[in-house]
Every structure is written in C-alpha cells, then in structure tokens.
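Trainee: Residue numbers (this note's numbering): 10 to 175. Before anything else, here's the structure in question.
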C-alpha cells in the first residue's frame, strides 16, 4: 500500500452519473455529505433510461474548472469506461477508472488524478464508498518522476477545451 497522509484533502466533490449509475450516485452523494464533504449532485436528478452520460460529464467538467482548488469529480456509468473516456478528452482532466481503494490511491498519488470514474454494475455501494474515500483522502506525491510524466501528458494536447467546445 502506498503511504500517504489520510485526511479530507478534497473538500468539494462534484458527482454525476447516467441512468445506470443513478442509484449509486444517490448513495454516494448522501454518504460523502455525511462524511463532511461539500457534495454537489450534478445530475441526473430523475431516473431516465434514455439519458446520455456525455452531457453529465460536460456539466461536471465545466463546474470543476470554475474552482478546481480542493475540488474533484466523481463520474458514474454502467462500467465506468464511457464517463472516463469522455472526461479525459478535456484539457486538464485526469480521470481514473478505479475498481478498488488501492488502485484509487495509486491514481491520485502517482498520476494526480482529479476525477474518479466508477462502474456501477461492478461495485456495491460499500465498495464504491471505500474507493471514493481513499481517492479523496490521498494526496499527490509530487515526486520528480511523476511531475515529469504529468508535464509530458499535458503537452500531448486534447480534443476539447474546458468549456466543452471543439
């Protein structure tokens, strides 16, 4: 396990899903709020099996860049891949699809992930909460090798700017 200081590093949590992640999102909003995080539910607010996760990702990323300090995003869809792929198209987003707490910790510690993607069909609420807690309580190591890699990553460019425009 990576040794990192445990505390509420990220205080503002932006969370969104599609229909497949709707129930897990509702659970996590309540659990993270109870744990002391400023939690913002960015939708959907009603179950709609025809909704599309790219729209909720776009809203969450736009909100994130209005005040990224001590803020992170959590995105949920059926398997987590869709929301992760869309989020990573935005400049400055480093979204990690995590399936256990140790992986989530590594994503933050090594790669300074600022978004977490979850697959609702593959996690029960307790597992998802444990993953979120570890992610939110882990800080970036800021080691020279990780910073060097993040600079290389940032220089690759992206498809979308932060407003979601091509």
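Glycine is no exception: its CB is placed at the ideal position from the N, C-alpha and C atoms.
Just confirm the distance between the C-beta atoms of residue 101 and residue 62, as a whole number of angstroms; I'd bet it's less than 8 Å.
Mentor: In the chain shown, residue 101 corresponds to position 92, counting from 1. In the chain shown, residue 62 corresponds to position 53, counting from 1. Residue 101 to residue 62, Cβ: 20 Å. No contact.
Trainee: What runs of the alpha helix (DSSP H), each 4 residues or longer, lie entirely inside the region 30–76?
Mentor: Runs of the alpha helix (DSSP H) inside the region 30–76: 31–43, 62–73.
Trainee: Regarding residue 135 and the ligand HEM, is the C-beta to nearest heavy atom distance less than 6 Å?
Mentor: Annotation note on the ligand HEM: not contained in the displayed structure, which lists no ligands.
Trainee: Express the C-alpha separation of residue 70 and residue 16 in angstroms, rounding to a whole number.
Mentor: In the chain shown, counting from the first residue as 1, residue 16 sits at position 7. In the chain shown, counting from the first residue as 1, residue 70 sits at position 61. Only weak support exists for where residue 16 lies, its pLDDT of 46 falling under 50; the value from the coordinates is given anyway. The straight-line gap from Cα to Cα measures roughly 24 Å.
Trainee: Would you tell me roughly how many angstroms separate the C-alpha atoms of residue 128 and residue 155, rounded to the nearest one?
Mentor: Residue numbering aside, residue 128 sits at position 119 when the chain shown is read from its first letter. Residue numbering aside, residue 155 sits at position 146 when the chain shown is read from its first letter. Roughly 26 Å between the two C-alpha positions.
Trainee: Is residue 98 close to chain D, meaning its C-beta is less than 7 Å from at least one C-beta of that chain?
Mentor: In the structure shown, chain D does not exist; there is a single protein chain.
Trainee: At the level of alpha carbons, what is the spacing between residue 30 and residue 81?
Mentor: Counting from one through the chain shown, the residue named residue 30 turns up at place 21. Counting from one through the chain shown, the residue named residue 81 turns up at place 72. Residue 30 and residue 81: Cα-Cα distance of roughly 18 Å.
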